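Have a look at the structure below before the remarks.
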Amino acid sequence: MQHSILNGKTGLRVGVISAFLTALLTLSPASAQQAGHGESEAYRLQPGDEVAITVLPRKEYDTSSTILPDGNIHLKNIGSLKAVGLTVKELEDQVVKLLGKVLRRPRVTATVTKLGQPPTTPTVAISGAVPKAGPLPLEKDLRVRKALELAGGPLKDADLSRVRITHRDLTQTVVDLSRDEHVADPVSNPLLQEGDSVTVPWLTRINITVVGGVLRPGPLVEVEAGLRVLKALELAGGALRDADLSRVTITHSDLTQTVVDLSGDGNARNPAHNRPLEDGDSVSIPLLYKPGFVMIGGEVTNAGSYELKPGMTLEDLIVAAGKLTLMADVEHVELQRKSQPRQVVNLRERLQQGIGGKVVLEPGDEVHIPKHENAVILVGPIPDAGPRPLKPGQTLYDFFTQGEPGTVAALDESKVNLKSIQVLRPGEETRKVNLKSILAKRDSSQNMVLKGGDVIFLPARLQPKLSALDYLRALPFFGSLVGLFR
């Protein structure tokens, strides 16, 4: 970790290497004699100080904020902590401790970009989801909403429904400014007092999954908290024409289930049916039964009902449904046949058996292709490419050295260029990684923590640069399943 302090008035910069020399040149002789007394003599943070935080290799955690009069600092995507009285190094250690819950050995640098000045007039402090966080002069009859406008106005990700005011006596008031009528209400938009700190929280983000009768089944990542069921269906491409909206099932993270009816306009407007979703919820939309048809849902391109043709097999239905997604779990395909218990079909094994392993469908059959709950996808000139199980918190190094034997086999340097692999993550830029350096433990900064759904491209050695489509066309993808995947 590195840390520095910048004083705009004196030009004093305290850094890791230049701190001692700068102090000798800038401070008085008496002060210079004390400069080597260690951390106990280091600058300690004060209210009003502006602090910038950088986190490597995860730049999305970079942020800056101002220490509030109550001594706290609120860091976007990281959390809140007591900063007053800490040295810069102690602040870095506290941030590392907070990030240690989600990142593996983050490298944190804290920099004081501006020193707070003792207030000459009464002030209030604004922090959180505003462009210009920091102290504001306390004008006469200054209300909360006006203070936010003076700080540049709330950002688009601001949660105005729970703005928090911390008073000088450390008591707190939470107000809702999300509606115009609340802004006009003196209770929701109170007058501010000297020393008040106003914190505008960021909108909470949640992860949910939509499966079944929608155009694009799969995960919805980092959506706004409070998202309702119908909006989730819209984000998943909309309900299919033969979706049965009268019995939508929501499976919660504790495995309890709630069934809602969204089939009519009245129910769609009823908050008891079109209810807000919670983090980890999975929404399943069944399909309407049609005589002489079979149905397929889950990890396929076009879920829905399909006319049953003579001799139609499970593989034929998958091809008709636009093929499988890369995250399809073909070893646990669910087949529900009328008046029979649900069957689990290992499609990989069935295809290896040839004609004798084919599953011939019957009228009314319902097929569900589940998703690998926690897996990454390997793509490249390797045997048996596709989804591989991922353990929580696994890094690239862990995944390739502690994974399945097939994962280790993917490291054949005669076939794969380990110096330029690519990691694709939905919603983020593609990352180019030197896996060879990671495995040799020469560069831990690239040893990222993997997430379910990550796609790892392993480029072929001594071949021209290939596109993702070229890789997929060239692969013996899942052996006989190559024709079933898009």
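Per the working numbering, the sequence shown starts with residue 62, numbered consecutively. From the three backbone atoms N, C-alpha and C, an ideal C-beta is built for every residue, glycine too. It should be emphasised that the depicted structure is a prediction, and the values quoted were computed from it without experimental measurement.
Could you check which residue in the options has the C-alpha nearest to that of residue i?
| i | options | result |
| --- | --- | --- |
| T170 | E242, V149, G298 | V149 |
| Q318 | G325, S324, V309 | V309 |
| G415 | E376, P167, D326, T184 | E376 |
| A144 | L106, K158, S126, T172 | L106 |
| E410 | V421, R398, E490, E392 | E392 |
| Y458 | S505, K384, N328 | S505 |
| P196 | L253, E153, L160 | L253 |
| V284 | L291, I269, L387 | I269 |
| V484 | N508, T462, E151 | N508 |
| A381 | M373, M388, L387 | M373 |
| T127 | I114, K120, V271 | I114 |
| G358 | T456, G189, P278 | P278 |
| S222 | L369, A286, P118 | A286 |
| G327 | T312, S314, L306, I311 | L306 |
| S324 | D390, L291, G341, G365 | L291 |
| S188 | V173, E360, K162, L216 | L216 |
| G213 | L231, V191, R204, E200 | V191 |
| D303 | L199, V355, N250 | V355 |
| S400 | A389, E427, T362 | E427 |
| T184 | L129, R225, T174 | L129 |
| L408 | P431, L147, E423, G365 | P431 |
| L117 | G140, P448, L160 | L160 |
| N478 | R119, L519, D202 | L519 |
Secondary structure at residue i, three-state DSSP: helix, strand or coil?
| i | result |
| --- | --- |
| G327 | helix |
| Y367 | strand |
| G415 | helix |
| Q483 | strand |
| A297 | coil |
| R225 | strand |
| L375 | helix |
| V145 | coil |
| L519 | coil |
| S475 | coil |
| Q107 | coil |
| I499 | helix |
| A436 | strand |
| H395 | The sequence given here has Glu at residue 395, not His. Looking at E395 - three-state DSSP - the assignment turns out to be strand. |
| R302 | coil |
| E283 | strand |
| L86 | Per-residue confidence for L86 stands at a pLDDT of 33, beneath the threshold of 50, marking its modelled position as unreliable; no derived number is given. |
| L238 | coil |
| Q254 | coil |
| S92 | In this prediction, S92 scores a pLDDT of 35, lower than 50, which makes its location untrustworthy; no coordinate-derived value is stated. |
| D455 | Note on identity: in this sequence residue 455 is Gln, with Asp being the wrong assignment. In this structure, Q455 counts as coil in the three-state DSSP scheme. |
| A381 | helix |
| G353 | coil |
| E339 | coil |
Could you tell me if residue i is buried or exposed, where buried requires 16 or more neighbouring beta carbons within 10 angstroms of its beta carbon?
| i | result |
| --- | --- |
| L245 | Sequence inspection shows Ala at residue 245; the Leu mentioned does not correspond to that position. Burial call: exposed. |
| V421 | exposed |
| Q155 | buried |
| R462 | In the sequence as displayed, the identity of residue 462 is Thr instead of Arg. That one is exposed. |
| L338 | buried |
| V405 | exposed |
| A335 | According to the sequence provided, residue 335 is Asn. The question's Ala does not apply to it. So N335 counts as buried. |
| G365 | buried |
Kindly give me the distance between the Cβ atoms of residue i and residue j, rounded to whole angstroms, as I take these residues to be in contact under 8 Å.
| i | j | result |
| --- | --- | --- |
| V235 | N250 | The Cβ separation is near 13 Å, so there is no contact. |
| L348 | G273 | 7 Å |
For this session: State whether the region 418–438 contacts the region 513–522, with contact taken as three or more CB pairs (one from each stretch) at a distance under 8 Å.
Result: Yes: at least three Cβ pairs fall under 8 Å.
Exercise. If we count Cβ pairs, one from each stretch, closer than 8 Å, do we get three or more for the region 254–268 versus the region 129–143?
Worked result: Under the three-pair Cβ rule at 8 Å, the region 254–268 counts as touching the region 129–143.
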